[in-house]
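Comments concern the structure below.
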Amino acid sequence: MNVQWYPGHMTKAKRNMQEDVKLVDLIIELVDARVPFSSRNPDIDKLGQGKARLILMNKTDLADPALSARWKAWFEAKGYFVVQLDARASANMKQVHHVIEEACKEKRERDRRRGILNRPVRAMVVGIPNVGKSTFINTFAGRAAAKTGNKPGVTKGNQWIRLNKNVELLDTPGILWPRFEDQQVGIRLASIGSINDNILNLTELCGYVIRFMEKHYAGALAGRYGIEPVDVERMAADPAVAYEVLGQIAARRGCMGKGGEPDLDKAAAVLIDDFRSGRLGRVTLEAPEA
Ligand code: G4P
Numbered sequence: 003m004n005v006q007w008y009p010g011h012m013t014k015a016k017r018n019m020q021e022d023v024k025l026v027d028l029i030i031e032l033v034d035a036r037v038p039f040s041s042r043n044p045d046i047d048k049l050g051q052g053k054a055r056l057i058l059m060n061k062t063d064l065a066d067p068a069l070s071a072r073w074k075a076w077f078e079a080k081g082y083f084v085v086q087l088d089a090r091a092s093a094n095m096k097q098v099h100h101v102i103e104e105a106c107k108e109k110r111e112r113d114r115r116r117g118i119l120n121r122p123v124r125a126m127v128v129g130i131p132n133v134g135k136s137t138f139i140n141t142f143a144g145r146a147a148a149k150t151g152n153k154p155g156v157t158k159g160n161q162w163i164r165l166n167k168n169v170e171l172l173d174t175p176g177i178l179w180p181r182f183e184d185q186q187v188g189i190r191l192a193s194i195g196s197i198n199d200n201i202l203n204l205t206e207l208c209g210y211v212i213r214f215m216e217k218h219y220a221g222a223l224a225g226r227y228g229i230e231p232v233d234v235e236r237m238a239a240d241p242a243v244a245y246e247v248l249g250q251i252a253a254r255r256g257c258m259g260k261g262g263e264p265d266l267d268k269a270a271a272v273l274i275d276d277f278r279s280g281r282l283g284r285v286t287l288e289a290p291e292a
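Structure representation (structure tokens):
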């Protein structure tokens, strides 16, 4: 499947990002815990050089806990601070505050040596579309957060949200662009719903999801839809076998065309919605070592 998905506005987003990054001490980067590689931007490490770095593995509630633990360790080994997160839950924000303090210890120490006391750490949230940036900012800053207004040196329109006496957050997130050149990345992002469905062939995408689920989470499809287990090797040898599975799902779910034949498009919509919302279980599509 060839996913065509380069949105033109990314060039502008990149320019804005480069400007905003200059203003902050800490970059809070959101990734989707189901695809921690594919939802990362390849250029962010260069852009964020010299800044404290925190990775929030968001949508952890939908990801495979064992793989999330491996990813967390993998990022930490590379020097990032990491928090696994469900950005919708305010109960999780205390931990984020705590880790921000850790991540900015060095900066505070530097300030102290220069005689600068009590200067708040400035942070910005970045991530590719749909990873949960706005959700996070809303939950983290809360309704009570006071905007501190425009300040000299701040890109026009940007405002700082004062989270407490130690931290200020840029109110608009930096939008990063995914790895457009990599088809595998495109398919994984499409699977989790990060790419507009209008540019996708959902039935084909389901072929990928079915093959992945049968290989890595055997029994999940059978458990949800009551279909026959599939021979993984037969499916690997013949991609069409995935459509047999989709046909079974259509039959089970009463997705039928006018002539009584299985409606694969309807079944695909059911399957992909179940997959994205976690009804097939907590699934992660990639492992750190790969
Ligand atoms: P963005 O600013 O990075 O583009 O993302 P945004 O906050 O708009 O979040 C995208 C969707 O992801 C939202 O769903 C939001 O509720 C959901 N979301 C954010 N964080 C989490 C999380 O930790 N866990 C889960 N399960 N969902 C999360 P939405 O508005 O309903 O959009 P959609 O789901 O209909 O696409």
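Position one of the sequence shown corresponds to residue 3 (the numbering used here), numbered consecutively onward.
For every residue, glycine included, the Cβ atom is placed at its ideal position computed from N, Cα and C.
Note that the structure is a prediction, hence the values are computed from the model and not measured.
>> Which residues does DSSP list as the beta-bridge partners of F182?
In response: F182 is not bridged to any residue.
> In whole angstroms, what separates the C-alpha of Y227 from that of P180?
Replying inline: If you take the alpha carbons of Y227 and P180, they lie about 33 Å apart.
>> Quick check: what's the CA-CA separation for A79 versus R72?
In response: Rounded to whole angstroms, the gap between the alpha carbons of A79 and R72 is 11 Å.
> Which residue spans inside the region 162 to 249 form an unbroken alpha helix (DSSP H) run of at least 4?
Replying inline: Counting whole runs of 4 or more residues, the region 162 to 249 contains the alpha helix (DSSP H) stretches 185 to 194, 204 to 218, 222 to 227, 234 to 239.
>> Could you compute how far the alpha carbon of I163 sits from the alpha carbon of V123?
In response: A direct Cα-Cα distance of roughly 12 Å separates I163 from V123.
> D66 by DSSP, collapsed to three states: which one?
Replying inline: If DSSP states are grouped into helix, strand and coil, D66 belongs with coil.
> Taking three-plus beta-carbon pairs below 8 Å as touching, is the region 84 to 98 in contact with the region 45 to 52?
Replying inline: Cβ pair count under 8 Å is below three, so no.
> DSSP on I130, reduced to helix/strand/coil?
Replying inline: In the structure shown, I130 sits in coil (DSSP, three-state: anything other than H, G, I, E or B).
>> For the ligand G4P, I want to know if N132 counts as a neighbour, meaning its beta carbon is within less than 6 Å of at least one of the ligand's heavy atoms.
In response: Of the heavy atoms belonging to the ligand G4P, at least one sits nearer than 6 Å to the Cβ of N132.
> What whole-angstrom Cβ distance do F182 and L58 have, given they're in contact under 8 Å?
Replying inline: With a beta-carbon spacing of about 23 Å, F182 and L58 fall beyond the 8 Å limit used to define contacts.
> Within 6 Å: the Cβ of N60 and any heavy atom of the ligand G4P?
Replying inline: For the ligand G4P, at least one heavy atom lies less than 6 Å from the Cβ of N60.
> For R254, does the three-state DSSP call read helix, strand or coil?
Replying inline: Reduced to three states, the DSSP call for R254 is helix.
>> With three or more C-beta pairs closer than 8 Å as the rule, is the region 240 to 251 touching the region 266 to 286?
In response: Judged by Cβ distances under 8 Å, the region 266 to 286 makes contact with the region 240 to 251, as three or more pairs qualify.
> In whole angstroms, what is the alpha-carbon distance linking V380 and G176?
Replying inline: What is shown of the chain runs 3 to 292, which leaves residue 380 out entirely.
> Which residue comes first and which comes last in the alpha helix (DSSP H) that contains D34?
Replying inline: D34 -> not in any alpha helix (DSSP H); beta strand (DSSP E) instead, spanning 28 to 34.
> In terms of residues, what are the limits of the beta strand (DSSP E) holding R55?
Replying inline: Secondary structure note for R55: its beta strand (DSSP E) is the uninterrupted segment 54 to 60.
>> So, at 7 Å on beta carbons, what are the nonlocal neighbours of V37 in its own chain, with the 5 sequence-adjacent residues on each side left out?
In response: Cβ within range, chain order: R190, L191, I194, L287, E288.
> Contact check, A105 vs L56 under 8 Å by CB: the rounded distance?
Replying inline: Confirmed, Cβ separation roughly 5 Å.
>> Measuring alpha carbon to alpha carbon, tell me which residue in C257, A125, K217 is nearest E170.
In response: Of the candidates C257, A125, K217, A125 places its Cα closest to the Cα of E170.
>> Are there any heavy atoms of the ligand G4P lying less than 6 Å away from the beta-carbon of K48, as far as the coordinates show?
In response: Not under cutoff, so the answer is no.
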